[in-house]
Every structure is written in C-alpha cells, then in structure tokens.
Amino acid sequence: MQKTLSKETWIEGAIGYKSLASRSGKDVNVIIRNASGQFPPLGADIRQDDSGISVGMVGEEGHAWLSGVAENQKFTVVWGDSQHCSLHLPEHMEDTANRLILPCH
Numbered sequence: 001m002q003k004t005l006s007k008e009t010w011i012e013g014a015i016g017y018k019s020l021a022s023r024s025g026k027d028v029n030v031i032i033r034n035a036s037g038q039f040p041p042l043g044a045d046i047r048q049d050d051s052g053i054s055v056g057m058v059g060e061e062g063h064a065w066l067s068g069v070a071e072n073q074k075f076t077v078v079w080g081d082s083q084h085c086s087l088h089l090p091e092h093m094e095d096t097a098n099r100l101i102l103p104c105h
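Using full-length UniProt numbering, you'd call the opening residue of the sequence shown number 1 and step up by one each time.
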C-alpha cells in the first residue's frame with residue numbers, strides 16, 4: 001500500500017467503506033550479498049525498478065522480506081547519498097518457503 005494511514009470519522013451507527021490501493025504478488029524471504037560477500041547496510045531500501053515502489057528493507061546480515069513481487073523482477077537496493085546495487089529475482093520461484101540468496105551488483 002502506498003498510503004499506509006487513513007483517518008476517518010464515522011457517526012454512530014454509520015457503515016463506512018474505504019477504498020484502499022494495494023498490490024498483489026509473492027512474498028519472498030531473501031539474503032542479499034555483493035560480489036565480495038558483503039551485505040548492504042542495515043536499513044537499505046529495496047525498490048522495484050519499474051515503479052520505484054519500496055518492497056522491503058535490508059535487515060541484519062542481508063536478510064530481507066520482499067512483499068508483492070513477481071518472478072523475474074528487477075530491484076535496486078539504495079542507501080546513503082548515492083550508493084546502490086541491483087538485484088534480480090529468478091525466472092521461476094516455485095518454492096518461496098525457502099530463502100533465496102541474491103547477488104547484488
């Protein structure tokens with residue numbers, strides 16, 4: 001969801017409806033490493049290349065949970081003023097229960 005906070009006031013007995021924008025896709029548990037085996041910094045933002053939408057954040061030791069993603073999708077991991085690296089999900093992700101190790105170039 002882009003807008004994660006909504007504040008509404010309802011009158012007693014009222015039934016309200018609110019339209020919320022959301023995205024669909026898979027949720028994937030990944031570990032991100034660069035070519036030398038180092039992890040991106042804690043808190044680095046992971047964004048879809050095609051939309052720029054944030055889909056996750058790098059945790060300790062490169063762990064990240066990506067939500068609402070698709071197979072074969074590309075992402076940019078961003079931190080600091082201008083540091084970044086790119087990663088790419090596999091073309092086939094049948095078993096997303098296992099953690100994927102993704103290289104970040």
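Glycine included, each C-beta is placed from N, C-alpha and C at the ideal position. Just so it is clear, the structure is predicted and the values come from calculations on it, not from any experiment.
Contact annotation: the stretch 7–17 does not touch the stretch 77–87, with fewer than three C-beta pairs closer than 8 angstroms.
Per DSSP, Q83 is one residue of the beta strand (DSSP E) stretching across Q83 to H88. Under DSSP, R33 shares a beta bridge with P103. Here the stretch 56–65 does not lie against the stretch 5–12, with fewer than 3 beta-carbon pairs under 8 angstroms apart. The secondary-structure analysis by DSSP pairs H63 across a beta bridge with I31.
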